[in-house]
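Residue numbers (our numbering): 186 to 344.
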(Lines of atoms letter the chains of each structure in order from A and count residues from 1; the text may use other names and numbers.)
(Lines give C-alpha, C1' and ligand atoms only; values in the text may rest on other atoms or scores of the structure.)
Protein backbone atom coordinates (compact mmCIF):
# COMPACT_ATOMS: atom_id res chain seq x y z
CA UNK A 1 0.00 0.00 0.00
CA UNK A 2 1.24 3.42 -0.90
CA UNK A 3 0.49 6.67 0.92
CA UNK A 4 -0.31 9.53 -1.45
CA UNK A 5 -1.12 13.21 -1.23
CA UNK A 6 -4.77 13.69 -2.16
CA UNK A 7 -6.28 16.64 -4.04
CA UNK A 8 -6.79 18.68 -0.85
CA UNK A 9 -3.11 18.19 0.00
CA UNK A 10 -1.97 19.12 -3.51
CA UNK A 11 -4.08 22.27 -3.31
CA UNK A 12 -2.60 23.15 0.11
CA UNK A 13 0.94 22.67 -1.22
CA UNK A 14 0.18 24.75 -4.33
CA UNK A 15 -1.20 27.60 -2.21
CA UNK A 16 1.75 27.40 0.21
CA UNK A 17 4.35 27.50 -2.57
CA UNK A 18 2.64 30.31 -4.50
CA UNK A 19 2.18 32.44 -1.35
CA UNK A 20 5.67 31.97 0.10
CA UNK A 21 8.21 31.32 -2.66
CA UNK A 22 9.85 34.37 -4.23
CA UNK A 23 10.07 34.66 -7.99
CA UNK A 24 7.85 33.11 -10.64
CA UNK A 25 6.07 29.97 -9.50
CA UNK A 26 4.82 27.70 -12.24
CA UNK A 27 3.02 24.37 -12.19
CA UNK A 28 6.35 22.50 -12.49
CA UNK A 29 7.61 24.17 -9.30
CA UNK A 30 4.43 23.18 -7.44
CA UNK A 31 4.71 19.62 -8.80
CA UNK A 32 8.29 19.33 -7.58
CA UNK A 33 7.18 20.33 -4.05
CA UNK A 34 4.39 17.72 -4.21
CA UNK A 35 6.93 15.12 -5.34
CA UNK A 36 9.23 16.17 -2.49
CA UNK A 37 6.42 15.69 0.05
CA UNK A 38 5.56 12.24 -1.36
CA UNK A 39 9.23 11.25 -1.18
CA UNK A 40 9.29 12.30 2.48
CA UNK A 41 6.39 9.94 3.20
CA UNK A 42 8.22 7.05 1.52
CA UNK A 43 11.52 7.71 3.30
CA UNK A 44 10.34 8.85 6.75
CA UNK A 45 6.70 7.72 6.96
CA UNK A 46 4.12 9.86 8.73
CA UNK A 47 2.79 13.13 7.37
CA UNK A 48 5.06 15.35 5.25
CA UNK A 49 6.38 18.75 6.29
CA UNK A 50 7.68 21.17 3.66
CA UNK A 51 10.08 24.05 4.19
CA UNK A 52 10.92 27.10 2.11
CA UNK A 53 14.25 28.40 3.40
CA UNK A 54 14.63 32.07 4.24
CA UNK A 55 16.77 32.82 1.17
CA UNK A 56 13.92 31.72 -1.14
CA UNK A 57 11.03 33.01 0.98
CA UNK A 58 9.06 36.16 0.16
CA UNK A 59 9.12 37.17 3.83
CA UNK A 60 12.80 36.47 4.38
CA UNK A 61 11.81 33.97 7.07
CA UNK A 62 11.77 30.19 6.86
CA UNK A 63 8.22 29.04 6.05
CA UNK A 64 6.79 25.61 6.95
CA UNK A 65 3.78 23.59 5.88
CA UNK A 66 2.71 20.45 7.72
CA UNK A 67 0.03 18.44 5.96
CA UNK A 68 -2.91 17.12 7.97
CA UNK A 69 -4.20 13.55 7.88
CA UNK A 70 -7.14 14.58 5.68
CA UNK A 71 -4.70 15.90 3.04
CA UNK A 72 -3.00 12.50 2.74
CA UNK A 73 -4.57 9.21 1.77
CA UNK A 74 -3.71 5.71 0.62
CA UNK A 75 -3.86 4.61 -2.99
CA UNK A 76 -6.49 1.93 -3.74
CA UNK A 77 -4.85 -1.47 -4.09
CA UNK A 78 -5.46 -5.20 -4.48
CA UNK A 79 -3.89 -7.99 -2.39
CA UNK A 80 -3.64 -11.34 -4.13
CA UNK A 81 -3.57 -13.50 -1.00
CA UNK A 82 -4.93 -13.69 2.53
CA UNK A 83 -1.36 -13.77 3.84
CA UNK A 84 -0.45 -10.51 2.07
CA UNK A 85 -3.64 -8.85 3.35
CA UNK A 86 -3.06 -10.07 6.95
CA UNK A 87 0.58 -8.95 6.72
CA UNK A 88 -0.57 -5.34 6.41
CA UNK A 89 -3.87 -5.24 8.31
CA UNK A 90 -3.25 -7.98 10.88
CA UNK A 91 -4.78 -11.33 11.75
CA UNK A 92 -7.82 -9.77 13.49
CA UNK A 93 -8.89 -7.95 10.31
CA UNK A 94 -8.34 -11.10 8.27
CA UNK A 95 -10.44 -13.12 10.75
CA UNK A 96 -13.27 -10.55 10.59
CA UNK A 97 -13.24 -10.77 6.82
CA UNK A 98 -13.15 -14.58 6.88
CA UNK A 99 -16.30 -14.54 9.03
CA UNK A 100 -18.17 -12.03 6.84
CA UNK A 101 -21.11 -13.09 4.67
CA UNK A 102 -20.45 -13.32 0.93
CA UNK A 103 -22.99 -11.82 -1.46
CA UNK A 104 -23.36 -12.80 -5.10
CA UNK A 105 -22.81 -10.02 -7.67
CA UNK A 106 -23.05 -10.13 -11.43
CA UNK A 107 -20.40 -8.26 -13.41
CA UNK A 108 -19.56 -7.97 -17.10
CA UNK A 109 -17.04 -10.78 -16.65
CA UNK A 110 -19.54 -13.04 -14.86
CA UNK A 111 -20.49 -14.02 -11.35
CA UNK A 112 -18.44 -13.04 -8.33
CA UNK A 113 -18.98 -13.31 -4.59
CA UNK A 114 -17.98 -10.48 -2.25
CA UNK A 115 -17.64 -9.99 1.49
CA UNK A 116 -16.90 -6.53 2.85
CA UNK A 117 -15.61 -5.11 6.15
CA UNK A 118 -14.30 -1.75 7.28
CA UNK A 119 -10.97 -1.78 9.11
CA UNK A 120 -8.66 0.79 10.70
CA UNK A 121 -4.94 0.98 9.99
CA UNK A 122 -2.35 3.72 10.51
CA UNK A 123 -5.00 6.28 11.52
CA UNK A 124 -7.15 5.69 8.42
CA UNK A 125 -10.31 3.66 7.70
CA UNK A 126 -10.42 1.24 4.79
CA UNK A 127 -13.14 -0.63 2.98
CA UNK A 128 -11.89 -4.15 2.26
CA UNK A 129 -13.71 -6.46 -0.13
CA UNK A 130 -12.77 -10.14 -0.35
CA UNK A 131 -13.65 -11.47 -3.80
CA UNK A 132 -14.02 -15.06 -4.88
CA UNK A 133 -15.07 -16.16 -8.33
CA UNK A 134 -16.93 -19.28 -7.16
CA UNK A 135 -19.60 -19.63 -4.44
CA UNK A 136 -17.26 -21.66 -2.19
CA UNK A 137 -13.61 -21.60 -1.25
CA UNK A 138 -11.13 -18.93 -0.28
CA UNK A 139 -11.06 -15.40 -1.67
CA UNK A 140 -9.17 -14.98 -4.94
CA UNK A 141 -8.13 -11.41 -4.07
CA UNK A 142 -8.82 -8.48 -1.73
CA UNK A 143 -9.75 -4.97 -2.93
CA UNK A 144 -8.80 -2.14 -0.55
CA UNK A 145 -10.08 1.45 -0.73
CA UNK A 146 -9.09 4.21 1.68
CA UNK A 147 -12.12 5.95 3.22
CA UNK A 148 -10.12 8.72 4.92
CA UNK A 149 -8.80 9.51 8.38
CA UNK A 150 -10.15 7.46 11.28
CA UNK A 151 -11.86 9.97 13.57
CA UNK A 152 -12.33 7.46 16.39
CA UNK A 153 -9.90 7.63 19.32
CA UNK A 154 -7.86 4.54 20.09
CA UNK A 155 -7.17 3.38 23.64
CA UNK A 156 -3.65 4.79 23.34
CA UNK A 157 -4.95 8.25 22.33
CA UNK A 158 -7.50 8.42 25.15
CA UNK A 159 -5.16 7.18 27.89
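Built from N, CA and C at the ideal position, the CB exists for glycine as well.
If we count the other Cβ atoms within 10 Å of its Cβ and call it buried at 16 or more, is residue 224 buried or exposed? Of the residues assessed, residue 224 falls on the exposed side of the cut-off, its CB having fewer than 16 other CB atoms within 10 angstroms.
From the DSSP output, read off the bridge partner residues of residue 294. DSSP output for residue 294 lists no bridge partner at all.
Where does the unbroken alpha helix (DSSP H) through residue 263 begin, and where does it stop? No alpha helix (DSSP H) holds residue 263; the beta strand (DSSP E) holding it covers 262-264.
When DSSP labels each residue in this structure, what does residue 218 get in the three-state scheme? helix
Between the alpha carbons of residue 222 and residue 322, how many angstroms are there, rounded? Note on geometry: alpha-carbon atoms of residue 222 and residue 322 lie some 42 Å from one another.
Own chain, CB closer than 6 Å to residue 329, minus 5 neighbours either side, in chain order: 262, 311 and 313
What is the residue span of the alpha helix (DSSP H) that residue 192 lies within? 192-205
Under the assumption that residue 290 contacts residue 318 (Cβ atoms under 8 Å), give the Cβ distance between them as a whole number of angstroms. Contact flag wrong, Cβ pair sits at about 11 Å.
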